[in-house]
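Here the structure comes first, spelled out in structure tokens, and everything after it is commentary.
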């Protein structure tokens with residue numbers, strides 16, 4: 196029932212400013228999300244504690260506090276324990292999924308991802324079967 | 003037949019010669035007969051040696067016309083290889099030993115001779131001589147080069163293999179200075195000019211005693227072939243290492259490219275969907291082109307990373323029983339949907355049912371998608387998917403009615419970045435050149451095979467096999483150790 200659902204608070208945490216901007220534009224334009232962003236882990240943690248977002252969209256590779264570290268801090272803090280965590284990464288390592296599930300990550304997005312994948316991950320829906328198979332002409 | 007031993011006695015004392023004749027007669031036995039001839043001077047002895055055949059020489063070193071070791075040397079020079087027993091006086095112990103070192107087989111002290119001792123000395127000399135010859139034959143016939151070098155660095159002996167290795171005649175080597183280091187203990191490498199290119203040889207040197215004097219024994223082995231082999235091995239190892247480094251680098255680059263690509267993708271997507279404001283038709287068309295190519299780049303990177311994961315065997319293979327017919331229909335339906343609007347029909351020719359295949363379903367789905375995608379691109383009007391049981395496997399084939407595969411391309415069809423010339427243009431869709439390489443790796447990880455042929459009539463036909471679960475279980479029962487790890 197997405198039509199009557201309240202807008203979700205989303206916090207994007209990625210040091211890649213160039214990616215954060217178009218993502219914010221996309222998500223805000225959908226009208227389904229209230230979007231904030233942070234450009235590093237520390238800022239992400241502060242904003243998360245303050246805003247208590249429904250979903251945190253976190254890049255794994257960041258300087259200083261990386262994505263994994265931030266995930267742990269969010270899990271440890273009772274203010275952010277309920278936040279759904281979606282991580283983004285360009286590196287698909289063999290143990291990525293195992294580690295993600297042990298860190299309480301709800302969904303992994305492999306960069307570059309498709310809009311429907313992103314939306315499904317943020318909404319917490321089961322995504323459409325295999326969006327990777329992109330034979331669209 | 004009795005064994006005759008012809009003995010030459012060179013002795014100037016006639017009494018002693020007579021005595022020796024007596025001993026010789028006494029020494030004769032049933033099996034051995036001794037025949038003695040005698041000479042009273044060296045010259046007389048040498049004359050006899052020139053005229054007649056002897057088996058052994060009994061030699062007094064002190065003769066009217068020669069004395070000392072010189073006597074021995076002259077006899078040996080006249081009859082090389084003939085065993086000599088030196089007859090000595092009681093005060094000549096040193097000379098006797100030296101004589102043996104100089105090549106005499108033995109010595110007899112004149113005052114101690116009797117028939118028995120004489121027989122023993124002659125027998126011993128003959129036996130020693132035989133043994134010595136045998137050893138020489140052994141060394142001479144050895145496939146390794148053997149040299150004896152004295153302490154003056156003079157070559158004293160060289161066997162046939164050594165002559166061949168150095169490419170010299172005996173007189174060019176023996177009696178000349180040895181020009182290589184005689185370092186004992188460790189192998190030394192020699193470079194020798196061979197008739198057909200340089201010979202690499204390995205020389206080992208040991209200290210020995212040669213005819214009573216310290217000398218070096220050099221053993222030389224041709225290691226040219228061995229070295230070539232070793233060099234090839236090192237080269238292969240180095241190439242493999244470089245290859246791995248290159249693969250690692252390419253994989254890192256491919257991963258790194260995904261981050262900027264995700265930015266471009268997001269930006270182009272926002273533009274395409276007019277999130278940054280409305281666009282006119284020219285802008286829309288340009289952005290659509292950018293979008294298509296971002297997708298293409300993404301596919302290329304993903305395929306590349308898939309392949310490198312598969313090749314390095316890092317890919318997780320999750321094999322379980324799979325309804326292959328259902329999988330084929332699912333994937334084919336997806337491809338059909340993606341190609342709606344094109345005038346190419348995708349047909350099945352599948353059996354009612356088939357036993358389950360034992361494969362990683364996602365991987366096989368990728369193979370099917372690749373092959374169907376290819377077929378749709380090359381087909382004129384029709385693509386056909388078939389499946390049929392073949393022995394312990396399910397054989398799946400994808401047939402198109404396109405131009406087929408040029409005969410000279412079969413060999414490298416499944417190699418990386420190999421693409422056939424496309425018959426059509428303008429669709430904007432281009433392959434990555436990795437699909438077939440990925441498919442081959444996937445099938446190899448799943449105990450299947452893939453190959454291509456030209457269809458009867460026209461078009462290409464790609465076939466692959468999937469192992470059946472039942473056949474696998476049967477094989478496991480037969481050979482319980484053949485564990486097929488499904489990781």
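Protein chains in written order, with this note's numbering: chain A, 196 to 332; chain P, 3 to 489. Every residue gets a Cβ at the ideal spot worked out from N, C-alpha and C, and that includes glycine.
Output the distance between the C-alpha atoms of residue 2 of chain P and residue 109 of chain P, rounded to the nearest integer angstrom.
-> Nothing in the structure corresponds to residue 2 of chain P, since chain P is present only between 3 and 489.
Using a Cβ cut-off of 8 Å (strictly closer), state whether residue 404 of chain P contacts chain A.
-> Numbered from 1 along the second chain, position 402 holds the residue referred to as residue 404 of chain P. Not one chain A Cβ lies under 8 Å of residue 404 of chain P.
Can residue 453 of chain P be considered in contact with the ligand SAM, in the sense that its beta carbon sits closer than 7 Å to one or more heavy atoms?
-> The ligand content of the structure shown is nil, which means the ligand SAM is not present either.
Considering only residues of the stretch 126 to 187 of chain P, which uninterrupted beta strand (DSSP E) runs meet the minimum length of 3 residues and lie entirely inside it, listed in chain order?
-> 147 to 152 and 157 to 160
Who pairs with residue 111 of chain P in a beta bridge, going by DSSP?
-> Counting from one through the second chain, the residue named residue 111 of chain P turns up at place 109. Answer by DSSP bridge pairing, in chain order: P:90.
For residue 310 of chain P, return the contacting residues in chain A, with the cut-off set at a CB-CB distance below 7 Å.
-> The residue labelled residue 310 of chain P in the question sits at position 308 within the second chain. Chain A residues near residue 310 of chain P: none, gap ~11 Å exceeds 7 Å.
Nearest to residue 136 of chain P by CA position, among P:83, P:96 and P:124, is which residue?
-> Indexing the second chain from 1 puts residue 136 of chain P at position 134. When each option's Cα is compared against that of residue 136 of chain P, the closest is P:83.
Is the shortest distance between the beta-carbon of residue 211 of chain A and the beta-carbons of chain P less than 8 Å?
-> As a working mapping, residue 211 of chain A is identified with position 16 in the first chain. Taking Cβ atoms only, chain P reaches closer than 8 Å to residue 211 of chain A, which makes this a yes.
Spatial distance of residue 51 of chain P from residue 57 of chain P (CA atoms) = Along the second chain, read from residue 1 onward, the residue named residue 51 of chain P stands at position 49. Along the second chain, read from residue 1 onward, the residue named residue 57 of chain P stands at position 55. Distance between the alpha carbons of residue 51 of chain P and residue 57 of chain P is about 10 Å.
Within 10 angstroms of its Cβ, does residue 416 of chain P collect 16 or more other Cβ (buried), or is it exposed?
-> Indexing the second chain from 1 puts residue 416 of chain P at position 414. Buried.
Beta-carbon neighbours of residue 218 of chain A, restricted to chain C and to distances below 8 Å | In the displayed structure, chain C is absent; the protein chains listed are A and P.
Contacts of residue 263 of chain P in chain A (Cβ-Cβ under 9 Å) = Numbered from its first residue, the second chain carries residue 263 of chain P at position 261. Within chain A, the residues near residue 263 of chain P are 285, 306 and 307.
Which of helix, strand or coil DSSP assigns to residue 30 of chain P | The count along the second chain starts at 1 and reaches residue 30 of chain P at position 28. In this structure, residue 30 of chain P counts as coil in the three-state DSSP scheme.
Same chain, Cβ closer than 8 Å to residue 353 of chain P, neighbours up to 5 away in sequence not counted = The residue you call residue 353 of chain P lines up with position 351 of the second chain. Closer than 8 Å at Cβ, skipping near neighbours: 327, 389, 390 and 391.
Opening and closing residue of the alpha helix (DSSP H) in which residue 360 of chain P lies | Working through the second chain from its first residue, we reach residue 360 of chain P at position 358. Here residue 360 of chain P belongs to no alpha helix (DSSP H); instead the beta strand (DSSP E) covers 359 to 361.
For residue 54 of chain P, which residues from the same chain have a beta carbon less than 6 Å from its beta carbon, with the 5 sequence-adjacent residues on both sides left out?
-> Residue numbering aside, residue 54 of chain P sits at position 52 when the second chain is read from its first letter. Contacts found: none.
Leaving aside the five residues before and after residue 287 of chain P along the sequence, list all residues of the same chain whose C-beta is less than 6 Å from its C-beta, in chain order.
-> For the purposes of this step, residue 287 of chain P is taken as the residue at position 285 of the second chain. No residues qualify anywhere along the chain.
Touching or not, the stretch 234 to 245 of chain P and the stretch 284 to 300 of chain P, by the rule of three or more beta carbon pairs under 8 Å?
-> no
Out of P:72, P:334 and P:385, state which residue places its alpha-carbon closest to the alpha-carbon of residue 105 of chain P.
-> The residue given as residue 105 of chain P occupies position 103 in the second chain. With distances taken between Cα atoms, residue 105 of chain P lies closest to P:72.
Are the stretch 351 to 367 of chain P and the stretch 437 to 456 of chain P touching by the rule of at least three beta carbon pairs closer than 8 Å?
-> yes
Nearest-angstrom Cα distance between residue 93 of chain P and residue 64 of chain P?
-> Counting from one through the second chain, the residue named residue 93 of chain P turns up at place 91. Counting from one through the second chain, the residue named residue 64 of chain P turns up at place 62. Roughly 13 Å separates the two Cα atoms.
Which chain P residues sit within Cβ distance under 9 Å of residue 233 of chain A?
-> Taking the first chain and counting its residues from 1, one reaches residue 233 of chain A at position 38. Neighbours of residue 233 of chain A on chain P: none; closest Cβ ~17 Å, over 9 Å.
Output, in chain order, the set of chain P residues within a Cβ distance shorter than 7 Å of residue 289 of chain A.
-> What you label residue 289 of chain A is simply residue 94 of the first chain in a count that begins at 1. Per Cβ cutoff of 7 Å: 316 and 318.
Between which two residues does the alpha helix (DSSP H) containing residue 1 of chain P stretch?
-> Because chain P spans 3 through 489 in this model, residue 1 of chain P falls outside it and cannot be assessed.
Range of the contiguous alpha helix (DSSP H) that encloses residue 293 of chain A = Along the first chain, one-based indexing puts residue 293 of chain A at 98. It spans 291 to 297 - the alpha helix (DSSP H) in which residue 293 of chain A sits, taken as one unbroken run.
How should residue 173 of chain P be labelled, buried or exposed, when 16 other C-beta atoms within 10 angstroms of its C-beta is the threshold for buried?
-> As a position in the second chain, residue 173 of chain P is number 171, starting the count at 1. That one is exposed.
Nearest chain A C-beta to residue 360 of chain P closer than 8 Å, yes or no?
-> Taking the first residue of the second chain as 1, we reach residue 360 of chain P at position 358. Chain A contact via Cβ: absent.
By the criterion of Cβ-Cβ separation under 7 Å, what are the contact partners of residue 181 of chain A in chain P?
-> Examination of residue 181 of chain A is not possible in this model, given that chain A is present from 196 through 332 alone.
Use the C-beta contact count for residue 534 of chain P: other C-beta atoms within 10 angstroms, 16 or more gives buried, fewer gives exposed.
-> The structure shown has nothing for residue 534 of chain P, since chain P only spans 3 to 489.
Count the C-beta pairs between the stretch 296 to 314 of chain P and the stretch 328 to 335 of chain P that are closer than 8 Å, then say yes if the count reaches three, no if not.
-> no
Closer than 8 Å to chain P by CB, residue 250 of chain A | Looking up residue 250 of chain A in the first chain gives position 55. By this cut-off, residue 250 of chain A is not an interface position.
Mind listing the chain A neighbours of residue 536 of chain P? Cutoff is C-beta to C-beta under 7 Å, in chain order.
-> An answer regarding residue 536 of chain P cannot be provided, because it is not within the stretch 3 to 489 covered by chain P.
Taking just the CA atoms, how far does residue 182 of chain P sit from residue 212 of chain P?
-> As a first step, residue 212 of chain P is located in the second chain; it is residue number 210 there, counting from the start. As a first step, residue 182 of chain P is located in the second chain; it is residue number 180 there, counting from the start. Their Cα atoms are separated by approximately 19 Å.
Give every residue of the same chain whose Cβ lies closer than 6 Å to the Cβ of residue 371 of chain P, excluding the five residues on either side of it in the sequence, and list them in chain order.
-> In the second chain, the residue the question calls residue 371 of chain P occupies position 369. Once the five neighbours on either side are set aside, the close Cβ partners of residue 371 of chain P are 333.
Do the CB positions of residue 215 of chain A and residue 266 of chain A come within less than 8 Å of each other?
-> On the first chain, position 20 is the one that residue 215 of chain A refers to. On the first chain, position 71 is the one that residue 266 of chain A refers to. Their beta carbons are not under 8 Å apart, which means residue 215 of chain A does not touch residue 266 of chain A by this criterion.
Ordered along the chain, which non-local residues of its own chain (more than five positions away) have a Cβ less than 7 Å from that of residue 142 of chain P?
-> Taking the first residue of the second chain as 1, we reach residue 142 of chain P at position 140. Only 161 and 162 meet the Cβ criterion.
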